[in-house]
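Q:
Numbering (this note's numbering), first residue to last: 322 to 578.
1. Residue 437 to residue 411, Cα distance in whole Å?
2. So, residue 393 versus residue 373, is the Cβ gap smaller than 7 Å?
3. What is the DSSP secondary structure of residue 395, reduced to helix, strand or coil?
4. If you follow the alpha helix (DSSP H) that residue 466 is part of, which residue opens it and which one closes it?
5. Rounded to whole angstroms, what is the Cα-Cα separation between residue 454 and residue 424?
6. How about residue 378 and residue 401: are their beta carbons less than 7 Å apart?
7. Flag this pair as touching only if the region 464-473 and the region 563-574 have three or more C-beta atom pairs under 8 Å; answer yes or no.
8. Take residue 534 and list the residues in its own chain whose beta-carbon comes closer than 8 Å to its own, dropping the five residues that flank it on each side.
9. Does the region 548-565 come into contact with the region 503-515, if we say contact requires no fewer than three beta-carbon pairs (one atom in each stretch) closer than 8 Å?
10. Cutting at 6 Å between CB atoms, please list the residues of its own chain near residue 470, excluding the five before and the five after it.
11. By how many angstroms is the C-alpha of residue 472 removed from the C-alpha of residue 351?
12. Using only the heavy atoms of the ligand PLP, determine whether one of them is closer than 6 Å to the beta carbon of residue 444.
13. Leaving out the 5 sequence neighbours to the left and right, which residues in its chain are closer than 8 Å to residue 308 when beta-carbon positions are compared?
14. Mapping DSSP to helix, strand and coil, what is residue 381?
15. Under 7 Å between the Cβ atoms of residue 427 and residue 360?
16. Rounded to whole angstroms, what is the Cα-Cα separation between residue 347 and residue 518?
17. What does the alpha-carbon distance come out to for the pair residue 335 and residue 559?
18. For residue 354, count the other beta carbons within 10 Å of its own beta carbon; 16 or more makes it buried, fewer makes it exposed. Which is it?
19. Where do the N-terminal and C-terminal ends of the alpha helix (DSSP H) with residue 542 fall, by residue?
20. Just how far apart, CA to CA, sit residue 449 and residue 528?
21. Excluding the 5 residues preceding and the 5 following residue 418 in the sequence, name in chain order all residues of the same chain whose CB lies nearer than 7 Å to its CB.
22. How big is the Cα-Cα spacing for residue 484 and residue 522?
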C-alpha cells in the first residue's frame, strides 16, 4: 500500500478531530439484518470510521498500515481495538468477521490480494461494506464554494498515490466476493465557517504542502481563513459531499448480517 503521505502526527490529529461526521451517515444507510458480532475496519486511519461501527457491531477492530495515524484512536474509538497491518495480509483467521468495512482505503491497495484477504476473513453470510466519499467541494447555496475549492486545489495540489475505484468494476469473482447492492449517496451537511475551515486545513493536500516546506501550518490556515471569509459572509451553508456504498458478500453464501 502507498501510505507514506499519511505518516504524519499533524495529519493524525486533524483526521481525528477536524473531519465531518460522514462515516456515521453513510454506514447508517446500510441495510443489515442484525448487529454483527465482530467487525473489522480495513484502513481505519485515525479511527473515525471505526468509531462509526459501534452501532453495527458488538466488537470492533480497526486495522491501519501507518502507526502514526493511530495516535488518537483511543480517544476517537475507545471501545475498539486497533492493529497495525495491511489489507493485502490481514493478520486474522479465516471467517473471523461477520462484518468488514473499508472507507477509501482500498484506493491505495493492491486490489486482488486485498479483496481476496477480505473474502478470507469474512464469515459465511457476513457482509463487506465498501464505501467512499469525495471532498465537500460545493454547497446548495450557489457557486461560491465550488469556485473557492478550485482555487484551494490549485494552491494545495493533491499528492500522488490515490486512484479512483468503482466497486462495480472490481475483479470480485476471482477474489471470492460478489456485489449485492450499490448506491450513490449525497450527504448535505449544515456547516459553519469554523467547521469548514478546520475541515479544509485537515486535508492531506495541505499537510503535504506543509511537510514539503511550501508553507507553514499558520500560513496555510491564514490563506484558507482569508479566502473563505467572503464565501461564508452571509453565514452558515449546506455543504454537499457525494459518495457511494457497496454491499458485498462471499461467493456462494446466503443471508447474514
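Here a beta-carbon is modelled for each residue, glycine too, at the ideal position from N, C-alpha and C.
Bear in mind that the values here come from a model prediction, so they are computed numbers and not experimental data.
A: According to the structure data:
1. In the chain shown, the residue the question calls residue 437 occupies position 116. In the chain shown, the residue the question calls residue 411 occupies position 90. Cα-Cα distance, rounded: 10 Å.
2. Taking the first residue of the chain shown as position 1, residue 393 is located at position 72. Taking the first residue of the chain shown as position 1, residue 373 is located at position 52. No. Outside cutoff.
3. Counting from 1 along the chain shown, the entry for residue 395 is found at position 74. Reduced to three states, the DSSP call for residue 395 is helix.
4. Within the chain shown, numbered from 1, the residue matching residue 466 stands at position 145. From DSSP, the alpha helix (DSSP H) with residue 466 extends over 465-476.
5. For this step, residue 454 is matched to residue 133 along the chain shown. For this step, residue 424 is matched to residue 103 along the chain shown. Rounded to whole angstroms, residue 454 to residue 424 spans 8 Å at the Cα level.
6. Counting from 1 along the chain shown, the entry for residue 378 is found at position 57. Counting from 1 along the chain shown, the entry for residue 401 is found at position 80. No, these two residues do not count as a Cβ contact at 7 Å.
7. no
8. Taking the chain shown and counting its residues from 1, one reaches residue 534 at position 213. No residues qualify anywhere along the chain.
9. yes
10. The sequence position of residue 470 within the chain shown is 149, counting from 1. Here the set comprises 458.
11. As a first step, residue 351 must be located in the chain shown, where it is residue number 30. As a first step, residue 472 must be located in the chain shown, where it is residue number 151. About 35 Å.
12. The ligand PLP is absent from the structure shown, which contains no ligands of any kind.
13. Missing from the structure shown is residue 308; the chain here goes from 322 to 578 and no further.
14. Translated into positions along the chain shown, residue 381 becomes position 60. Three-state DSSP puts residue 381 in a strand.
15. For the purposes of this step, residue 427 is identified with residue 106 of the chain shown, where counting begins at 1. For the purposes of this step, residue 360 is identified with residue 39 of the chain shown, where counting begins at 1. No; because the gap between Cβ atoms is not below 7 Å, this pair is not in contact.
16. Translated into positions along the chain shown, residue 347 becomes position 26. Translated into positions along the chain shown, residue 518 becomes position 197. Taking the straight line from one Cα to the other gives about 23 Å.
17. The sequence position of residue 335 within the chain shown is 14, counting from 1. The sequence position of residue 559 within the chain shown is 238, counting from 1. Approximately 21 Å between the Cα atoms of the pair.
18. Here the question's residue 354 lines up with position 33 in the chain shown. It counts as exposed.
19. Position 221 of the chain shown holds residue 542. Looking at the DSSP string, the run of the alpha helix (DSSP H) that includes residue 542 is 538-549.
20. The residue given as residue 449 occupies position 128 in the chain shown. The residue given as residue 528 occupies position 207 in the chain shown. The alpha-carbon atoms of residue 449 and residue 528 are separated by roughly 31 Å.
21. Numbered from 1 along the chain shown, position 97 holds the residue referred to as residue 418. Taken in chain order, the residues that qualify are 359, 360, 361, 442, 443, 444 and 447.
22. Translated into the one-based positions of the chain shown, residue 484 becomes position 163. Translated into the one-based positions of the chain shown, residue 522 becomes position 201. Distance between the alpha carbons of residue 484 and residue 522 is about 22 Å.
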